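*Asks:* In this note's numbering, the protein residues as written are 3 to 217.
Virtual Cβ for every residue (Gly too), placed ideally from N, Cα, C.
Note that the structure is predicted; figures quoted are calculated from it, not measured.
One structure coming up, written as structure tokens, with questions to follow.
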């Protein structure tokens, strides 16, 4: 009985890590998608599908995680906090999916330096989230978690600053109606990209709260 309880408690962290593995993979595919736009032979459709497949896989993991929450008598961390964390992580991947699908929706055929930089920041933040979730499973790694979460926060701040500069640049340059439409769709695209980092920051703050309450 005791062994079963211990095993079940470990399963929560295994599922969280598996979910963030999909998150890292989705962010990597999104980065490759945006970086390669406009290049000859770029496999846009395949990369968008790669993001969608990772989101679908993560949804299945989230469902298993929530089912385990309902079925478990005890949890390694406050039940509500675990529920909040898995939802935070899931929102990040959902937003990555929105970024990938926006490439087709807005007919974005070429990348920009700003879009590439934002995609790189998002990929870095997702990798840090993965490391933070792994650290969360081990009390001895609490100091490492305390370092990782502010790093995610810093990446989100960089992304917000970059977005403001990018939007200012878009609307500073005058042009015809087509140029105005391009500015509007890229503004929306940049906002969606930065929303990925907002989600990472939110998940990091949830983990910081867990860390403080379990110190």
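Please classify residue 97 as buried or exposed, where buried requires at least 16 other C-beta atoms within 10 Å of its C-beta.
*Replies:* Under the 10 Å beta carbon count, residue 97 is surrounded by 16 or more other beta carbons and is classified as buried.
*Asks:* Which of the three DSSP states, helix, strand or coil, is assigned to residue 197?
*Replies:* helix
*Asks:* Where residue 30 and residue 202 are concerned, what is the direct C-alpha to C-alpha distance, given to the nearest angstrom?
*Replies:* 15 Å
*Asks:* Which ranges would you report for the alpha helix (DSSP H) in the stretch 125–199 if only whole runs of at least 4 residues count?
*Replies:* 144–174
*Asks:* What's the C-alpha gap between residue 6 and residue 60?
*Replies:* Here residue 6 scores only 42 on pLDDT, less than 50, and its place in the model should not be relied on; the value that follows carries that caveat. Between residue 6 and residue 60, the C-alpha separation is close to 25 Å.
*Asks:* Report the CB separation of residue 50 from residue 105 in whole angstroms; it is logged as a contact under 8 Å.
*Replies:* 7 Å
*Asks:* According to the neighbour-count rule (16 or more other Cβ atoms, all chains shown, within 10 Å of its Cβ), is residue 27 buried or exposed?
*Replies:* buried
*Asks:* Under a Cβ-count criterion, where at least 16 other Cβ atoms within 10 Å of its own Cβ denotes burial, should residue 62 be classed as buried or exposed?
*Replies:* exposed
*Asks:* Can you give the Cα-Cα distance for residue 186 and residue 103, rounded to whole angstroms?
*Replies:* 17 Å
*Asks:* In the DSSP assignment, find the alpha helix (DSSP H) that holds residue 68 and state where it starts and stops.
*Replies:* 46–73
*Asks:* When burial is assigned at 16 or more other CB atoms within 10 Å of the CB, is residue 107 buried or exposed?
*Replies:* Looking at its Cβ environment, which holds fewer than 16 other Cβ atoms inside 10 Å, residue 107 is exposed.
*Asks:* Taking the alpha helix (DSSP H) that residue 88 belongs to, which residues open and close that run?
*Replies:* Unbroken alpha helix (DSSP H) run through residue 88: 81–107.
*Asks:* Can you tell me the Cβ-Cβ gap for residue 121 and residue 191, rounded? I've got them flagged as a contact below 8 Å.
*Replies:* Not quite, the Cβ-Cβ distance comes to about 11 Å (not below 8 Å), so this is no contact.
*Asks:* Who are the Cβ neighbours of residue 113 in its own chain at under 8 Å, not counting the five residues just before and after it?
*Replies:* 36, 37, 38, 39, 40
*Asks:* If you draw a straight line from the C-alpha of residue 200 to the C-alpha of residue 65, how long is it?
*Replies:* 23 Å
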